[in-house]
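Residue numbers (the numbering used here): 1110 to 1452. Every residue, glycine too, gets a C-beta built ideally from N, C-alpha and C. No experiment lies behind these values; they were computed from the predicted model shown. Input: a single structure, listed below in structure tokens.
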Ligand code: SF4
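Structure representation (structure tokens):
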């Protein structure tokens, strides 16, 4: 049985040709699935009945079950979705001034075990398939269709490490980019990584102009490896070189994410060390007031501290923003909702 939601238009055309149908049937199916959000062959009314029956015999359309939706303030909605094997997947819809952003998960659980994050707490279960990642966005879009709103931005920043599930993550982005589907520009897509250097280099060669977002969270190896075990394998200097390579190859600016944690990485000295690290490079820093996870013992920095930290970067002419806390009221720190469901 073929999982056809994860196929690009060309591959879908080849598939229908293999069933003895003309290629344009592939475009029709792609459009039903990705533009109209249809989950059943029987709803594809412009296909002959006999072909719909043939499709049902040879293939299937992955559709995640919407288990719950938590609405937060400022238009944020957190979706808890369920896979065919009863695993929980989180996706978040966020409303910014410039349109809707879908934040998607790429794995069920995570291997990376960052010490401030809820996702690794239940361990790693499996990679999501390209069709499951794609369907996260389609479930979000289902609620937007009636208002004729499209998803404007895709960020792979939910549960999991996208570069640890490279093929499926990139395939999903290519599907989102297809003009026969959601038609979202690669420039409006962001891949976040905890710092998997081979994946960053591969992405630099991929030929798609996405934004790379590196979760840095510390300016010294000592602090970073306490927060992020991956730093032992890929220390900061090598990571910064890989980010510079990505920028050089793609011409795309890299964003560095920095979660501010009280008394761990938020002092003036930490800010000056970050300035030293970034001063001779271009790149943008996104400061994130920490979404505290129960049981982790980390506390969000105070507003005064966040402002002071930001001002030190600004004074050194490093582009910096402070991320709006859209998620706090809907368990949007990654992995929090899934854990609540899994308990
Ligand atoms: S922060 Fe990201 S990479 Fe780290 S454990 Fe959480 S989901 Fe995985």
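Residues sharing a beta bridge with residue i, DSSP
i	result
residue 1174	1191
residue 1388	DSSP, once it has assigned bridges, lists no residue as partnering residue 1388.
residue 1430	1395
residue 1236	1216
residue 1169	1112
residue 1409	1370
residue 1179	1187
residue 1301	1322
residue 1198	1190
residue 1260	1209
For residue i, the first and last residue of its enclosing alpha helix (DSSP H)
i	result
residue 1320	From DSSP, residue 1320 is part of no alpha helix (DSSP H) but of the beta strand (DSSP E) over 1320-1324.
residue 1355	1345-1359
residue 1278	1275-1286
residue 1126	1118-1127
residue 1155	Taken as a continuous stretch (DSSP letters only), residue 1155 belongs to no alpha helix (DSSP H), as it is neither H nor E.
residue 1255	Per DSSP, residue 1255 belongs to no alpha helix (DSSP H) and is neither H nor E.
residue 1310	1306-1314
residue 1330	1330-1336
residue 1340	1339-1342
Assigned secondary structure, residue i (DSSP; H/G/I helix, E/B strand, else coil)
i	result
residue 1205	strand
residue 1265	strand
residue 1133	helix
residue 1139	helix
residue 1365	strand
residue 1243	helix
residue 1415	helix
residue 1425	coil
residue 1270	coil
residue 1293	coil
residue 1317	coil
residue 1222	coil
residue 1380	helix
residue 1146	coil
residue 1435	Low per-residue confidence applies at residue 1435: pLDDT is 47, beneath 50, and the placement is therefore not dependable, though the value from the model is reported in the following sentence. It is coil, neither helix nor strand.
Where the beta strand (DSSP E) through residue i begins and ends
i	result
residue 1403	First-last for residue 1403: undefined, no H or E at that position.
_With a threshold of 8 Å, are at least 3 pairs of Cβ atoms found where one atom belongs to the stretch 1274-1285 and the other to the stretch 1189-1199?_
no
_Contact between the stretch 1207-1225 and the stretch 1311-1319 is defined here as three or more beta-carbon pairs at a separation below 8 Å; is this criterion met?_
no
*Would you check if there are 3 or more beta carbon pairs closer than 8 Å linking the stretch 1361-1377 to the stretch 1337-1347?*
no
*Would you check if there are 3 or more beta carbon pairs closer than 8 Å linking the stretch 1356-1367 to the stretch 1398-1410?*
no
*Check whether the stretch 1252-1265 touches the stretch 1219-1237, counting contact only when three or more Cβ pairs, one atom from each stretch, lie closer than 8 Å.*
no
*On the three-pair Cβ rule with 8 Å, is the stretch 1161-1179 touching the stretch 1239-1246?*
yes
*Segment contact, 8 Å Cβ cut-off, at least three pairs: the stretch 1111-1119 with the stretch 1135-1154*: yes
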